[in-house]
Amino acid sequence: MTALHDLTIAEAAPLLKAKKLSPVELTASYLSRIEAFDGQLNAFIRVLPEQAMAAARKAEGEIMRGDYKGPLHGVPIGLKDIYNTKGIPTTGHSALYKDHVPEEDATTTRLLAEAGTILLGKLSTWEFAIGGTSFDLPWPPAKNPWNLAHDPAGSSSGSGAAIAAGLAMGSMGTDTGGSIRGPAAWCGISGLKPTYGLVSRRGILPLSFSLDHGGPMCWTSEDCALMMEVLAQHDPLDPGSADVAKPDFAGSRQKDVKGLRIGVVRHFFESDAETDPEIKAGIEAALVTFRELGCAVTDVTLSPLSAYGDAAALISRSEAFAFHEETLMATPELYGELARQRIMMGAFIRACDYVNALRERGRLIAEIASVFESVDVLICPTMPGVAPKLGDLGNMMSRSRPSFTRVFNLTGSPALSVCSGFSTAGLPLNMQIVGRPFQDDLVLRVGSAFEKATSYRDLRPAQWAQQALAAE
Amino acid sequence: MPTPIASEAEMGAFLARAGFSLTPEQVAEYAEAYGYIVEMSARIRGERSYMAEPAHVFSFPSEESAR
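Just so you know, the protein sequences line up as chains U and Y, in that order.
All residue numbers for the first sequence refer to the numbering used here, where the first residue is 1 and numbers rise by one.
All residue numbers for the second sequence refer to the numbering used here, where the first residue is 473 and numbers rise by one.
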C-alpha cells in the first residue's frame, strides 16, 4: 500500500471524497513527519499542529455530512512565510517582521482555506524573497531533501523542500525571478509560475510589484492544476489581477499532447549561458519523449538571454528598493547581509534606466508573442545546473546572472518547472515549459504528460522514505 | 568583472545621497557592484521608437487573441 505521504493530491482526493481516507489521519501523519524530520530540513518556520488538527476535524465532519468541497478538501498544505495569515505571524524569514501578525489573510490564503485545505504551517524563504541562502537570520535556511549538504534554491526554499521530503501535499511559493521554479528544479518537484495577473498578489509581501507572482508547488503538475483550479480567481483588490475566464484546468487534465508544437529555445542553453551537460542531456531526452507523444519539435530564436535578464534585474532592484527604502535606512541591522546588499543596489539605478527597462520589457513581450504564433509551448532548462552545496550560491548583489527563469517574469508568461531526470550524483535535473498568457492549463497538461510518460515521479528522496516507516 | 567606474570616494557620495552610512569595506564592495548596474543600464539602451512606452502594468491584447 502507498504510504500516506507518497499520495499525490490527485490520488488522495477520491479517497477523501469516498470517506476511505480521513483528513484527521492524513494531517496527523504529516505533522508526525514534520516533527520527526524538519529539524534536519528547516523547511518550516512555524508549525501549526493544533490549528491543523482542528481544521482536519472540521473537514472530516464536513465530508462525513456529504459537504465535499472539491479535490483540495482535507489536503494538508504549507505557505511560504510571506503569505499573510490572519492572527499567525508572517515573518518574511526576517528579524524585521519577526513579530508581524497580519489582521487578514492573503486572498490566496483565504481561497485555499475555503477550498478545505489544512494549513500545516509557514515555510522558510530567502529573507523577503530576495536574500539568498543566509545564516544570519532568526531561522536557519532550508536544506535540500535529496542531499542535506546541498541548496534547495530559493526564494521559496521551504516550499520546495517540504514537498520533496513529503512534509506537505502542496505548498505555495512566490516567483519574482524564478523563486518558484528554482526550488522546484533543485528539489525535483513541479512548480508553476502562473500568468501575471491570474493569481492574486493581495496580502503577499511585495518584492517587485510588476514581476511578483504567487503559485503552487507540488509533487506533480497534475496536483498544481488542482491547486490552480482554486487559486485562479479575479481579485478586484489586486490592481494587477486579470479579469479573464479561468483556464480549463479540469478539462485539460483529460486531454493528451498529440499534435502540439514545441519550440526549443536552444540558444539559451547552448550559447547564451553555460549549462551543465547533464541538464542539456535531460532536455534532449525529454524532447525524444515529446516526439514519441506526438509533438512536433522545432528550435526557435529569441533575443539573447542577457537582454531579458538586464531589463528584469533593473526593474526588480528598483521596485524592491522602493518598497524597502524606509525600513532599510531606519533599521539596517534587522536585515540579513545578503538581503541588505541586494536590495540596496536599487538605490543606484537612475529613474531613466528604470523607465527604459520598462520600455525594453514592452519590446520583449511583443517578441515572445510573435514566437508563440508558430509554437504552442517553449522548452528550455529551468536552472543551468543541479543544486550546488548549501550556501555556495554566493553574493549576487548586482550581477545580471544568466537566468532561464527571469525571462518569463518579464514577459508574464506561465512557466512550469518539472523534474527531467537525475544526475549521476542523484540530484534532480530540470526542464521549464512555457506557454502563452492564460494558457496555464496547457502548460500544466504538457508537464503532466511528460511526468506520466516517464518514471521520475516514482522516485522520492530515499532518506525520508526510509525514516518515514519508523515515524508513522 | 566590470572595471570600477566609480571611485570609492564617489561611491561614498552616492551612498550618502541615498541616505546610507557604510564601512569603508562595504563602500568598496558597492563600488565594484555599481559597475554591473551601469553595464546593464547601458545594454538596455538602443534604437527604440518614441512610441515605445513603458510596460508598467502590461495587459495582453485580449483573452481571445491570446488563446
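All C-beta atoms, glycine included, are put in the ideal place defined by N, C-alpha and C.
On a predicted model such as this, the values are computed, not experimentally measured, just so you know.
Just confirm the distance between the C-beta atoms of Y:Ala527 and U:Leu120, as a whole number of angstroms; I'd bet it's less than 8 Å.
Their Cβ separation, rounded to whole angstroms, is 38 Å, which puts Y:Ala527 and U:Leu120 out of contact at 8 Å.
CB-CB under 6 Å to U:Val446, same chain, minus the five flanking residues each way: which ones, in chain order?
In the same chain as U:Val446, and ignoring 5 residues on each side of it, the C-beta atoms closer than 6 Å to its own belong to Val257, Val377, Ile433, in chain order.
Measure the C-alpha to C-alpha separation of U:Ile538 and U:Ser318 and round it to an integer number of angstroms.
Examination of residue 538 of chain U is not possible in this model, given that chain U is present from 1 through 472 alone.
Counted within 10 angstroms of its Cβ, other Cβ atoms place U:Ser398 as buried (16 or more) or exposed:
Low local confidence applies: a pLDDT of 47 at U:Ser398 is under 50, so the model's placement there is unreliable, with the coordinate-based value given in what follows. The residue in question, U:Ser398, is buried, as its Cβ has 16 or more Cβ neighbours within 10 Å.
Kindly confirm or deny that the stretch 287 to 294 of chain U and the stretch 328 to 348 of chain U touch, where touching means at least three C-beta pairs closer than 8 Å.
no
Beta-ladder partner(s) of U:Phe482, from DSSP:
No answer is possible for residue 482 of chain U: it lies beyond the span of chain U, which begins at 1 and ends at 472.
Do the CB positions of U:Ser156 and U:Thr133 come within less than 8 Å of each other?
no
So is Y:Tyr522 buried or exposed if we call it buried at 16+ other beta carbons inside 10 Å?
exposed
Report the residues of the stretch 496 to 508 of chain Y with a CB closer than 9 Å to any CB of chain U, ordered along the chain.
Under the 9 Å Cβ criterion, the stretch 496 to 508 of chain Y contributes Gln498, Glu501, Tyr502, Glu504, Ala505, Tyr506, Gly507, Tyr508.
Along the stretch 357 to 373 of chain U, where does the CB come closer than 7 Å to a CB of chain Y? Name the residues.
Ala357, Leu358, Arg359, Glu360, Arg361, Gly362, Arg363, Ile365
For U:Ile480, which three-state DSSP category applies?
This structure gives no information on residue 480 of chain U, because the portion of chain U shown stretches from 1 to 472.
Which residues, taken in chain order from the stretch 310 to 330 of chain U, show a beta carbon closer than 7 Å to some beta carbon of chain Y?
Asp310, Ala311, Ala313, Leu314, Met329
Taking U:Leu192 as the reference, which of U:Asp353, U:Thr109, U:Asn430, U:Pro414 has the closest Cα?
U:Pro414
Could you tell me how far apart the beta carbons of U:Ser221 and U:Leu444 are, in whole angstroms, since I believe they sit closer than 8 Å?
The pair is a contact, with the Cβ atoms about 5 Å apart (cut-off 8 Å).
Around the C-beta of U:Thr176, are 16 or more other C-beta atoms found within 10 angstroms, so that it is buried, or is it exposed?
In summary, U:Thr176 is buried, with 16 or more beta-carbon neighbours lying within 10 Å of its beta-carbon over all protein chains present.
Buried or exposed by the 16-neighbour rule on C-beta atoms within 10 Å, applied to U:Phe269:
It counts as buried.
CA-to-CA distance, U:Ala245 to U:His234, given in whole angstroms:
Straight-line spacing of the CA atoms in U:His234 and U:Ala245 works out to 9 Å.
In the DSSP output, what is U:Met172 paired with across the bridge?
U:Leu79, U:Pro216
Take the Cβ of U:Phe450 as the centre, count every other Cβ of all protein chains shown within 10 Å, and call the residue buried at 16 or more, exposed below.
buried
Report all residues from its chain with a CB closer than 7 Å to the CB of U:Asp458; omit the five preceding and five following residues, and keep chain order.
Answer for U:Asp458: no residue qualifies.
Which chain U residues sit within Cβ distance under 9 Å of Y:Glu525?
Leu358, Arg359, Gly362
Using beta carbons (cut-off 8 Å, strictly below), is Y:Ile477 in contact with chain U?
At a cut-off of 8 Å between C-beta atoms, Y:Ile477 does not count as an interface residue with respect to chain U.
U:Gly421 beta carbon less than 8 Å from that of U:Gly282
Yes, they are a contact pair.
Keeping to the same chain, check which residues put their C-beta closer than 6 Å to that of U:Leu416; ignore five residues upstream and five downstream.
Sequence-distant Cβ neighbours of U:Leu416 in its own chain, meaning closer than 6 Å and more than five residues away, are Leu192, Ile433, Val443, Gly447.
Residues in the same chain with beta-carbon distance under 7 Å from U:Leu148, minus the five sequence neighbours each way, listed in chain order, please.
Exclusion of the five residues before and after U:Leu148 leaves Gln40 as the residues of its chain whose Cβ lies within less than 7 Å of its Cβ.
Distance, Cα to Cα, U:Ile243 vs U:Ala387?
In the sequence on display, residue 243 of chain U carries Asp and not Ile. Cα-Cα distance, rounded: 38 Å.
Can at least three beta-carbon pairs, one atom from the stretch 153 to 172 of chain U and one from the stretch 185 to 201 of chain U, be found at a separation below 8 Å?
yes
Along the chain, where does the alpha helix (DSSP H) that runs through U:Phe44 open and close?
Note, U:Phe44: premise wrong, no alpha helix (DSSP H); beta strand (DSSP E) at 44 to 47.
Have a look at U:Ile9, U:Asn409, U:Ala465 and flag the residue whose alpha-carbon is nearest the alpha-carbon of U:Glu229.
U:Ile9
Within chain Y, the residues that U:Ile349 reaches when beta carbons sit closer than 9 Å:
Ile509, Met512, Ser513
Residue-chain proximity (Y:Gly484, chain U), Cβ-Cβ < 8 Å:
no
Flag this pair as yes or no: are the beta carbons of U:Pro89 and U:Ala168 separated by less than 8 Å?
no
Using a beta-carbon distance below 8 Å, is Y:Ala490 in contact with chain C?
Absent from the structure: chain C. Protein chains present are U and Y.
Just curious, the alpha helix (DSSP H) that U:Thr109 is in, first and last residue?
Secondary structure note for U:Thr109: its alpha helix (DSSP H) is the uninterrupted segment 107 to 114.
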